[in-house]
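Let me begin by presenting the structure, written as structure tokens, before commenting on it.
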Amino acid sequence: MTFELKKLQKKINASFDNHALLEQALTHRSIGSNNNERLEFLGDSILGFVVADEIYMRFPEADEGVMSRLRAHLVNRESLAIIAQKLDLSDELILGQGEMKSGGKHRSSILSDAVEALIGAIYKDKGLEASRAWVLSVFKNQLESLTLETATKDPKTQLQEYLQARGIAVPKYSVISTTGLDHNQQFKVECQVDGIDNHASSTASSRKKAEQKSASKILKRLIK
Numbered sequence: 018m019t020f021e022l023k024k025l026q027k028k029i030n031a032s033f034d035n036h037a038l039l040e041q042a043l044t045h046r047s048i049g050s051n052n053n054e055r056l057e058f059l060g061d062s063i064l065g066f067v068v069a070d071e072i073y074m075r076f077p078e079a080d081e082g083v084m085s086r087l088r089a090h091l092v093n094r095e096s097l098a099i100i101a102q103k104l105d106l107s108d109e110l111i112l113g114q115g116e117m118k119s120g121g122k123h124r125s126s127i128l129s130d131a132v133e134a135l136i137g138a139i140y141k142d143k144g145l146e147a148s149r150a151w152v153l154s155v156f157k158n159q160l161e162s163l164t165l166e167t168a169t170k171d172p173k174t175q176l177q178e179y180l181q182a183r184g185i186a187v188p189k190y191s192v193i194s195t196t197g198l199d200h201n202q203q204f205k206v207e208c209q210v211d212g213i214d215n216h217a218s219s220t221a222s223s224r225k226k227a228e229q230k231s232a233s234k235i236l237k238r239l240i241k
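For any residue, its number in the numbering used here is found by taking its place in the sequence shown, counting from 1, and adding 17.
Structure representation (structure tokens):
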């Protein structure tokens, strides 16, 4: 095993017997046929199952609708991309030249797909229990901060309560731009949190929706 491969496995906290699976998990479809799409498909299903099972055990009083919302709060492109950033996966991705030049290694969709592919690769290499353990380890902080109120409170409310509990000023929202015709406008809104130098912007069909999306981005960063 090369030093770089050892370093990568230490970084992601996963040991592989089949090193080709690890390489495939990080290979984007822009490279060619031996890419991570099949592993991503597998990992997506395993991730959904593991998180659903954990929610089922942690919240015995929650009904199906609440459990679905809790899972959606955890399993989404933004949260997976944040995990990829935490694992510093962007520099490990294997991309085609065009994708590399366009900044693909920082794209949320590519990062989140790579995390799911890693889950699939761990499953194929080590089995279900190993992939389950890895999912629970990388989602540890998010799972521990999860409450039933998460399923009923919107992201703006959750973010405000999170900040207030820590003595941090409430976030500020501002419209950066408005585009499109009157009947089909798109609002870009920035959420700024003073004191922790954290901000995020999102675009949606209404100012309210854009505010919620921006708040959600910051909240996921804070609890990662």
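Glycine included, every Cβ here is placed at the ideal spot set by N, Cα and C.
> In whole angstroms, what separates the C-alpha of residue 47 from that of residue 121?
Replying inline: Working through the sequence shown from its first residue, we reach residue 47 at position 30. Working through the sequence shown from its first residue, we reach residue 121 at position 104. Distance between the alpha carbons of residue 47 and residue 121 is about 10 Å.
> How long is the line joining the alpha carbons of residue 144 and residue 27, rounded to whole angstroms?
Replying inline: Position 127 of the sequence shown, counted from the first residue, corresponds to residue 144. Position 10 of the sequence shown, counted from the first residue, corresponds to residue 27. If I take the Cα positions, the gap works out to 19 Å.
>> Which complete alpha helix (DSSP H) runs does the stretch 123-159 hold, if anything under 4 residues is left out?
In response: 125-143, 145-155
> Is the stretch 82-92 in contact with the stretch 51-59, if contact means three or more CB pairs nearer than 8 Å?
Replying inline: no
> In terms of alpha-carbon separation, which member of 22, 38, 65, 201 lies closest to residue 156?
Replying inline: Within the sequence shown, residue 156 is the residue found at index 139, counting from 1. Nearest C-alpha to residue 156: 65.
> Hey, out of 71, 108, 55, whose CA is closest to residue 150's CA?
Replying inline: Residue numbering aside, residue 150 sits at position 133 when the sequence shown is read from its first letter. The shortest C-alpha separation from residue 150 is found at 71.
>> Per DSSP, what are the beta-bridge partners of residue 33 in this structure?
In response: As a first step, residue 33 is located in the sequence shown; it is residue number 16 there, counting from the start. None, per the DSSP bridge assignment.
>> Counting C-beta neighbours from all protein chains within 10 Å, is the total for residue 186 16 or more, i.e. buried, or is it exposed?
In response: For the purposes of this step, residue 186 is taken as residue 169 along the sequence shown, with counting starting at 1. Counting Cβ neighbours within 10 Å, residue 186 comes out exposed, since fewer than 16 surround it.
> Going by DSSP, which residues form a beta bridge with residue 207?
Replying inline: By 1-based counting over the sequence shown, the position of residue 207 is 190. DSSP output for residue 207 lists 191, 218 as bridge partner(s).
> For residue 234, which option in 105, 200, 154, 209 has the closest C-alpha, if you only look at C-alpha atoms?
Replying inline: Numbered from 1 along the sequence shown, position 217 holds the residue referred to as residue 234. Checked all of 105, 200, 154, 209; the closest Cα to residue 234 is 209.
> So what's residue 111 in DSSP terms, helix, strand or just coil?
Replying inline: Locating residue 111 in the sequence shown gives position 94, where the first residue counts as 1. Reduced to three states, the DSSP call for residue 111 is strand.
>> Looking at residue 43: is its Cβ nearer than 9 Å to the Cβ of residue 111?
In response: Here the question's residue 43 lines up with position 26 in the sequence shown. Here the question's residue 111 lines up with position 94 in the sequence shown. For residue 43 and residue 111, yes; Cβs fall inside 9 Å.
> DSSP three-state call for residue 164: helix, strand or coil?
Replying inline: Translated into positions along the sequence shown, residue 164 becomes position 147. Coil.
>> I'd like the span of the alpha helix (DSSP H) that includes residue 85, first residue to last.
In response: Locating residue 85 in the sequence shown gives position 68, where the first residue counts as 1. Taken as a continuous stretch (DSSP letters only), the alpha helix (DSSP H) holding residue 85 covers 81-91.
> DSSP on residue 174, reduced to helix/strand/coil?
Replying inline: Here residue 174 refers to the residue found at position 157 when the sequence shown is read from its first residue. Three-state result, residue 174: helix.
>> Relative to the C-alpha of residue 236, which candidate in 222, 218, 107 has its C-alpha closest?
In response: Position 219 of the sequence shown, counted from the first residue, corresponds to residue 236. It is 218.
>> Could you tell me the alpha carbon to alpha carbon distance between residue 191 and residue 40, rounded to whole angstroms?
In response: On the sequence shown, residue 191 is found 174 positions in, with the first residue counted as 1. On the sequence shown, residue 40 is found 23 positions in, with the first residue counted as 1. Whole-angstrom Cα-Cα distance: 42 Å.
> So, using beta-carbon positions, are residue 238 and residue 99 closer together than 9 Å?
Replying inline: As a first step, residue 238 must be located in the sequence shown, where it is residue number 221. As a first step, residue 99 must be located in the sequence shown, where it is residue number 82. Yes, the Cβ-Cβ distance between residue 238 and residue 99 is below 9 Å.
> How long is the line joining the alpha carbons of residue 117 and residue 101, rounded to whole angstroms?
Replying inline: As a position in the sequence shown, residue 117 is number 100, starting the count at 1. As a position in the sequence shown, residue 101 is number 84, starting the count at 1. Distance between the alpha carbons of residue 117 and residue 101 is about 17 Å.
> For the alpha helix (DSSP H) that contains residue 62, what are its first and last residues?
Replying inline: As a first step, residue 62 must be located in the sequence shown, where it is residue number 45. Start and end: 54-75.
> How big is the Cα-Cα spacing for residue 160 and residue 211?
Replying inline: Here residue 160 refers to the residue found at position 143 when the sequence shown is read from its first residue. Here residue 211 refers to the residue found at position 194 when the sequence shown is read from its first residue. The straight-line gap from Cα to Cα measures roughly 26 Å.
>> I'd like the list of long-range same chain contacts for residue 68, defined as Cβ closer than 6 Å, with 5 residues on each side in sequence excluded.
In response: The residue labelled residue 68 in the question sits at position 51 within the sequence shown. Excluding residues within five positions, the ones whose Cβ falls inside 6 Å are 88, 91, 92.
>> Less than 7 Å between C-beta atoms, sequence neighbours within five positions excluded: which residues of the same chain meet that for residue 73?
In response: Counting from 1 along the sequence shown, the entry for residue 73 is found at position 56. Correct list, in chain order: 84.
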